[in-house]
Amino acid sequence: MVTKEDIQKILAGYDLNNLTIGVLGGHSALDVANGAKKHGFRTVAVCQKNRANTFSKYYKTRGDKGCIDEVILVDKFEDVTKEDVQKQLRELNTIFIHNRYFWVYFNDFADIEERFQVPIYGLRQGVKLEERDQPLNQYHLLEKAGIRLPKILREGGEVLEKEELNKRLEHHFVKEKGAPILVKANEATRSYERAFFVATTAADYFKKAEEMVSAGITTQENVNQATIEEFVIGAHVNLNFFYSELNNELELMGTDSRRQTSLDGFLRLDGKTQTDLLNGGYKPSMIETGHFAVTMKESLLEKAYDIGEKFVKTMKETVPPGMIGPFALQGAVAAYEGREEFVIFDVSMRIPGSPGTKYTPYSGYMYGESLSYGERIAMEIKQAVDENRLPEIIT
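First residue of the sequence shown: 23, per my numbering; consecutive thereafter.
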């Protein structure tokens, strides 16, 4: 296990006047690198050989253009834990910014916890805690924080006999007259993506699950272990926060929502065409393709900050050292008896995947101009170096 003492020893050997900000080549890499360059840091991207052109060609630093100074090519992303790659990163005095790729492309997150001896900005184990089958997972943390989340009919990884599951579904739909349910099964081929589907009755659930397995979209094993939760009918808003450990202050960086293939295109069709497609067996998929900036009315800001503060407090109490830097509470604004309320159904405990948060006004209200996540992270690291407090924000 990589200990705090191991990381502090590595930091002690760094030239703090010549730090490099490192990323895996994807997700939010360009956002991070662009912000780092603005504040005088060098940048390095660890890229897979078959998908490196974005970083080694199109956005490679050349004169006043580009933001990727160095590229380290690997056969697979998980090769970042190989000793020769780690050695190159340490020689560059690298502070690594982790993202969702650290879970998606690694066979075992223990490689990062136990073998990756490179300082990481933020909570090293945060990405792991996003998964629903982990102890102290996001549902546990949200519940402990007192944040409204969808009703869970079956937790991810909980395997139930068909009869028992049917009883739960019937109780929800018939006795409680409950809302539709959202099923979050992993895809058959891309296990890191979810093959979502919505059902309105118990029979509807079993029918759609069987159809998706038959079509090869998911597997029966994935369906059996999928999270089943209340489908929240509301306006989707992702609350993208930044917690400054140095200043003990929570900031709302921006708000956005998701573009999903092929659901977005399907919803743009007229009602008759939608019905004809559904009757013909078509099922729109909900694969996340991108994000777009949205804004909230100001009366929701205090409610947003309130749940953000609750989450930060719970993290400090439950998962020391707590939340460091970027995180997101992703959900919807629902109206219950005329009262608007945030319902959170996903947590990102690292930099979110959307580079568009700067195009909402909230960080601008704080700093005079809107900031990207990459720039805000670079500002925090620079402040830590200037104040000789870097160990406080590194794990």
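Just so you know, even glycine gets a beta-carbon here, dropped at the ideal spot from N, CA and C.
- In the structure shown, Pro413 falls within a helical segment according to DSSP collapsed to helix, strand and coil.
- Around the Cβ of Asn208, a 10 Å sphere holds 16 or more other Cβ atoms; the residue is buried.
- The continuous beta strand (DSSP E) containing Asp278 extends over residues 271 to 284.
- For His258, the CB contacts under 6 Å within the same chain, skipping 5 residues up- and downstream, are Ser279, Ala354 in chain order.
- Within the segment 187 to 270, the complete beta strand (DSSP E) runs of at least 3 residues fall at 203 to 208, 216 to 221, 249 to 252, 257 to 266.
- With contact defined as three or more Cβ pairs closer than 8 Å, the segment 181 to 194 and the segment 221 to 228 are in contact.
- Thr382 places its beta carbon less than 7 Å from that of Ala315.
- For the options Ile90, Val68, Glu136, Ala74, the alpha carbon positioned closest to that of Gly62 is the one of Ile90.
- Per DSSP, reduced to three states, the secondary structure at Leu351 is strand.
- One Cα belongs to Gln139, the other to Gln108, and the distance between them is close to 7 Å.
- In the three-state DSSP reduction, His120 falls in the coil class, being neither helix nor strand.
- Taking 8 Å as the upper bound for CB-CB distance, Ala400 and Gly35 are not in contact here, some 22 Å apart.
- DSSP places Met308 in the uninterrupted beta strand (DSSP E) bounded by 308 to 315.
- The Cβ atoms of Val66 and Glu105 do not sit closer than 7 Å to each other.
- Considering only Glu324, Gly48, Pro202, Gly344, the residue with the shortest C-alpha distance to Phe124 is Gly48.
- The shortest C-alpha to C-alpha distance from Leu151 to any of Ser392, Lys173, Met371 is the one to Met371.
- For Leu351, the closest C-alpha among the options Tyr80, Leu33, Gln110, Arg170 is that of Arg170.
- The distance from the Cβ of Thr249 to that of Gly330 is about 23 Å, inconsistent with a contact at the 8 Å cut-off.
- The C-alpha of Tyr358 is placed about 20 Å away from the C-alpha of Leu175.
- With contact defined as three or more Cβ pairs closer than 8 Å, the segment 266 to 279 and the segment 408 to 416 are in contact.
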